[in-house]
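Quick note, the sequences are listed as chains X and S, same order.
Be aware that the first sequence starts at 1, since it is given in this note's numbering, and climbs by one per residue.
Be aware that the second sequence starts at 1, since it is given in this note's numbering, and climbs by one per residue.
For each residue, glycine too, the CB sits at the ideal point set by N, CA and C.
Since the model is a prediction, treat every value here as computed from it, not as a measurement.
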Amino acid sequence: AQTVTQSQPEMSVQEAETVTLSCTYDTSESDYYLFWYKQPPSRQMILVIRQEAYKQQNATENRFSVNFQKAAKSFSLKISDSQLGDAAMYFCAYRSPPGGTSYGKLTFGQGTILTVHP
Amino acid sequence: DTGVSQDPRHKITKRGQNVTFRCDPISEHNRLYWYRQTLGQGPEFLTYFQNEAQLEKSRLLSDRFSAERPKGSFSTLEIQRTEQGDSAMYLCASSSHRDGGFWTQYFGPGTRLLVL
């Protein structure tokens, strides 16, 4: 079974600075999908960014980008120019490809709480 | 598009009672998922549907849990004979095949259950 590990329970950053959240995963599958979700306090989970494993180019979405290292099974999230509204719990998630053992579901990491200081 | 909606948002019940939650997915999304999230943890998969068919169930989904999606639209999750350990946030998500293979899951606000 696939596992996702987020080794940083908490991170903090100054407003306008850059922060990187780490995520590693374990899988024997060669193709898969990776996601970062953000869950603000008492609010619903929203998608931040996503990546297909067979695409070597790192995904970017405005201030958010990933560093995808397939051989190392690492999928870190970089937030540039941090804003107060970025404060939230961030979850890394894995999904199998069609026919994979966990094709339908997302497997989540434990989450990283990000605090943004003004 | 309206987002995924869930009802109720909060539910307090006594141990042993039955509870039912409803999820309305994004229109035209053919997959619907249920997850459970305890405080400070990542969501854990419970089950998912493609249209009306329930395609996968987690071992977390004990005999006391049942989910349905009778017409391939909304879904219900019922917990019978609730236990204090069932206290959690129950999240619903939906996804579409028209998403370049990603089947990105969009989440609802959740139903927070407290069993006394």
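Report yes if the C-beta distance between residue i and residue j is below 9 Å; otherwise report no.
i, j, result
"S:L114", "S:I12", "yes"
"S:T111", "S:Q6", "yes"
"S:G3", "X:Q39", "no"
"X:Y33", "X:E10", "no"
"X:L47", "S:Y35", "no"
"X:P97", "X:D31", "yes"
"X:F75", "X:T24", "yes"
"X:K105", "S:F21", "no"
"X:Q2", "X:S22", "no"
Does DSSP classify residue i as helix, strand or coil?
i, result
"X:Q69", "strand"
"S:L39", "coil"
"X:E57", "A small correction: the amino acid at residue 57 of chain X is Gln; Glu does not occupy that position in the sequence shown. Reduced to three states, the DSSP call for X:Q57 is coil."
"S:Q84", "helix"
"X:L84", "helix"
"S:L61", "coil"
"S:S5", "strand"
"X:C23", "coil"
Classify residue i as buried or exposed, calling it buried when 16 or more other Cβ atoms lie within 10 Å of its own Cβ.
i, result
"S:G85", "exposed"
"S:L39", "exposed"
"X:R95", "buried"
"S:D25", "With the sequence shown as reference, residue 25 of chain S is identified as Pro, and Asp is not the correct amino acid for it. Classification of S:P25: buried, given that the 10 Å Cβ count is 16 or more."
"X:S42", "exposed"
"S:P186", "Only positions 1 to 116 of chain S appear in this structure, which leaves residue 186 of chain S out of reach."
"S:R9", "exposed"
Quick one: any contact between the segment 81 to 91 of chain X and the segment 54 to 67 of chain S, if contact means 3 or more CB pairs under 8 Å?
-> no
Are the segment 62 to 69 of chain X and the segment 58 to 74 of chain S touching, with three or more C-beta to C-beta distances below 8 Å?
-> no
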